[in-house]
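Peer 1: I have a structure here, written as structure tokens, and I will follow up with some questions on it.
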Amino acid sequence: MRIHSMVLVLLNKDFVCRVPGSKPGSDRKEKAFRLIIFHFVFFPLIQSGWADFRLGYYLGQMWAFMKLSEMEKEMEKSEQDMNPQRKGGFITMPFIIANEALAKVASVGLVPNMVLYLIGEYRMGAVKATKILFLWFAATNFGPVVAAFVADAYLGRFLAIGLGSILSFLGMAVLWLTAMIPEARPCSHSTENCKSATTPQMIILLSCFALISIGGGGISCSLAFGADQLSQKNKTKNQRVLESFISWYIASQTIAVVFSLTGIVYIQDHFGWKLGFGVPAALMLFSTFSFFLISPRYVKHKPHSSLITGFAQVLFVAYKNSKLSFPPKDSTANGVYHHDKDSTLIAPTDKLRFLNKACIIKDREQDIASDGSASNKWNLCTIEQVEELKAIIKVIPIWSTGIMVAVSTSQTSLWLLQAKTMNRHVTSNFQIPAGSFGVFMMFAVCITAGVYDRVILPLASKVRGKPVTVSAKRRIGIGLFFSFLDFVTSAIVESIRRKKAIQEGYIDNPEAVLEMSAMWLIPHNILCGIAEAFNAIGQSEFYYSEFPSSMSSIAASMFSLGSAVGSLVASLILSIVDNITSKGGKQSWVSDNINKGHYDNYYWLLAIMSAVNILYYLVCCWAYGPNAEAASKKEEIGNMIHDPQQEAM
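1 is the number of the first residue of the sequence shown in full-length UniProt numbering; add one for each residue after it.
Okay, here's the thing in structure tokens:
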């Protein structure tokens with residue numbers, strides 16, 4: 001998946017399988033939850049990077065959680081002595097965390113240098129290799145969404161994570177074998193002239209990517225599975241344990257990503273592909289082993305119905321009832337439309353009215369069971385199901401504007417090719433691996449998220465003398481603007497780099513290292529990280545505020561869906577640009593020879609598309625109207641103005 005945005009995806013992708021008992025639809029609870037994450041994980045990590053890497057604060061926070069863990073373990077031990085057969089509890093959580101963290105180190109460590117492996121060992125052109133990686137990123141981001149549906153409706157979370165771990169290991173093991181066995185790839189160190197990859201070789205390679213993507217989707221349910229281990233009897237104690245678990249979970253993920261972008265990439269650069277792929281495979285094997293080690297102790301909830309199934313039911317029933325007439329507007333709505341027992345909704349809204357036919361009761365005796373539920377859910381839906389689907393359809397235009405940000409952050413393979421041709425030395429004896437520049441983007445994400453919430457907004461509130469907040473829509477807009485700046489910066493830097501290559505006589509040597517510092521790549525990495533931070537957090541807040549609590553899993557999956565579609569769109573754009581610009585025997589803008597090509601023009605095209613996307617976003621915001629949070633504030637102000645007690649005062 002897109003490495004640089006891994007930290008923010010942790011706040012989204014891993015919540016596709018919703019944490020039981022949480023209600024993201026509740027604004028206060030959701031903000032408090034994010035505050036816990038930023039205060040105990042991201043912000044201490046950021047502070048640890050300042051003032052000569054003062055790790056004391058961060059270690060202090062971790063020590064506090066260790067203390068809390070010890071207290072919880074003592075309490076749990078006493079309960080276990082009383083009930084030896086009790087399952088779940090805090091003792092299972094380190095194994096769940098270890099499974100996810102080790103899997104993250106292994107999977108993320110494969111991504112940065114993969115384009116070099118495809119070009120060098122499979123004799124692929126830069127465009128073909130990049131398109132394959134775009135499709136891999138898309139599959140990886142689609143994985144959690146599909147896995148959430150399968151886990152909720154069929155397998156359950158334990159089997160989803162277990163099978164995911166096994167499949168991920170198999171994918172990494174086979175990938176390692178392609179490096180170990182010369183016949184598994186077209187090129188080897190003993191062969192100077194190699195042919196293109198054969199069909200069996202490509203099938204083996206692509207099957208590796210497929211297994212890793214499918215497996216990663218299953219493992220993404222581990223956070224919700226950890227919450228399943230908590231007993232529902234003592235909710236006060238469980239809240240403390242859940243906060244501790246979440247903080248440890250995300251801290252381990254952050255450390256795992258940093259280690260992947262530095263340690264694993266360093267091993268691949270200095271010790272070759274055999275060890276570079278062998279280490280991730282070994283880590284994934286240990287990850288799988290750690291998860292199954294205490295399998296009998298896990299709480300394993302049975303699968304239940306999925307929201308996605310409910311959406312399919314609404315569409316099917318609405319189509320089946322398309323010829324059905326709507327009841328008169330002046331008729332009593334109660335009893336005409338089917339709704340849940342405790343629901344306050346007695347009639348659906350008028351927007352997307354054709355969907356309302358899915359919840360019209362045609363024959364109460366046949367349609368309604370004795371307990372008040374629908375006799376056949378594929379024949380009658382509830383008002384709540386209809387309104388949930390409407391909420392999804394309503395946000396699609398605004399959701400689609402985030403695709404260009406995903407396109408921006410999907411360009412890592414091309415940035416790697418640029419970095420390989422530039423001077424990456426920090427000192428005379430040390431140079432930054434080309435695949436490690438993504439760590440600057442991740443740091444930008446962390447710093448932006450932490451500083452914005454903990455420094456900029458409080459400072460602005462202090463200056464203005466009243467609380468200053470930025471709406472979710474504005475955050476999304478800020479992210480889109482920084483994404484545009486990222487493309488512009490990338491185009492300018494590449495234009496300078498290309499001119500430098502021509503001046504130094506390297507027009508026909510794309511592997512030559514120029515007398516131009518690779519540190520010029522850091523600004524656009526930072527801009528891309530800022531764009532990702534604002535856009536991802538803004539999108540998450542927007543979906544959680546607009547969707548009911550029952551749709552929390554869908555709200556969490558929207559960002560992953562956008563990332564997946566963005567990778568597909570990036571692949572499509574790259575293919576179109578390559579086909580059009582190479583017509584008539586001309587040199588393609590995205591040529592395999594980066595010095596002969598015009599990657600700067602490619603980035604300028606993306607910048608223009610990003611600018612158009614900003615205008616499209618403004619139109620979408622205008623058409624959408626005020627969101628739930630803004631409407632709530634407006635209603636509060638209106639109530640204060642017209643409150644008779646307030647007027648009397």
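Backbone N, C-alpha and C fix where the C-beta goes; we use that ideal spot for every residue, glycine too.
This structure is a prediction, so every number in the text was calculated from the model and none was measured.
1. Near ASN99, which residues of its chain fall below 6 Å by C-beta distance, leaving aside the five closest residues on each side in sequence?
2. So, helix, strand or coil for TYR298, using DSSP?
3. Take ILE507 and list the residues in its own chain whose beta-carbon comes closer than 6 Å to its own, dropping the five residues that flank it on each side.
4. Are the Cβ atoms of SER567 and ALA138 separated by less than 7 Å?
5. Could you round the C-beta distance between residue 653 and ALA318 to whole angstroms and report it? I think they count as a contact, below 8 Å.
6. Closest by CA to GLY226, which one among LEU177, PHE158, VAL279?
7. In this structure, does DSSP put GLN253 in helix, strand or coil?
8. In whole angstroms, what separates the C-alpha of SER436 from that of HIS425?
9. State the DSSP-derived secondary structure class of PRO112, mapped to helix, strand or coil.
10. What do you reckon, are the CB atoms on ALA449 and ALA533 nearer than 7 Å?
11. In whole angstroms, what separates the C-alpha of MET441 from that of PHE142?
12. With DSSP collapsed to three states, give me the class of HIS524.
13. Please report the straight-line C-alpha distance between residue 736 and GLN539, rounded to a whole angstrom.
14. Evaluate GLY89 with the Cβ neighbour count: other Cβ atoms within 10 Å of its Cβ, from every protein chain shown; 16 or more gives buried, anything less gives exposed.
15. Which of helix, strand or coil does DSSP assign to ASN509?
16. Tell me which same chain residues have a C-beta within less than 6 Å of the C-beta of CYS621, skipping the five on either side of it?
17. Using only the alpha-carbon positions, how far apart do residue 651 and PHE149 sit?
18. Grab me the residues of LYS614's own chain with a C-beta within less than 6 Å of its C-beta, minus the 5 sequence neighbours each way, in chain order.
19. Using CA coordinates, which residue listed in TYR117, ASN593, ILE573 is at the minimum distance from residue 661?
20. Taking Cβ to Cβ, would you say PHE209 is nearer than 7 Å to SER571?
21. Please classify VAL439: is it buried, with 16 or more other beta-carbons within 10 angstroms of its beta-carbon, or exposed?
22. HIS598 by DSSP, collapsed to three states: which one?
23. How many whole angstroms separate the CB atoms of ILE294 and THR92, which I take to be in contact at a CB cut-off of 8 Å?
24. For TRP50, does the count of other Cβ atoms within 10 angstroms reach 16, so buried, or fall short, so exposed?
25. Does the separation of the CB atoms of ALA518 and ALA419 fall below 7 Å?
26. Going straight from the alpha carbon of THR130 to that of SER413, what length do you get?
27. Would you call the segment 345-356 and the segment 372-380 in contact, with 3 or more CB pairs under 8 Å?
28. By DSSP, does SER517 sit in helix, in strand, or in coil?
29. Is ILE360 helix, strand or coil when you go by DSSP?
Peer 2: Straight from the coordinates:
1. Cβ-Cβ distances below 6 Å link ASN99 to SER287, SER290, PHE291 in the same chain, with the five nearest sequence neighbours on each side left out; the list follows chain order.
2. coil
3. The answer, listed in chain order, is ASN595.
4. yes
5. In the structure as shown, the chain begins at 1 and stops at 649. Residue 653 is therefore absent and cannot be evaluated.
6. PHE158
7. helix
8. 13 Å
9. coil
10. yes
11. 22 Å
12. helix
13. Here the chain covers residues 1 to 649 and nothing more, so residue 736 does not appear.
14. buried
15. In the structure shown, ASN509 falls within a coil segment according to DSSP collapsed to helix, strand and coil.
16. LYS473
17. Summary: the structure shown does not reach residue 651, with the chain confined to residues 1 through 649, and so no result is reported for it.
18. For clarity, residue 614 is Ile in the given sequence; the question names Lys instead. Hits under 6 Å: LEU480.
19. The structure shown does not extend to residue 661, since the chain is modelled only from 1 to 649, so the question has no answer here.
20. PHE209 is not a Cβ neighbour of SER571, given a cutoff of 7 Å.
21. buried
22. Looking at HIS598 - three-state DSSP - the assignment turns out to be coil, as it is neither helix nor strand.
23. 6 Å
24. With a pLDDT of 33 at TRP50, under the threshold of 50, the modelled position of that residue is not reliable, and no figure is offered here.
25. Taking the C-beta atoms as reference points, ALA419 is found nearer than 7 Å to ALA518.
26. 6 Å
27. no
28. Strand at SER517.
29. strand
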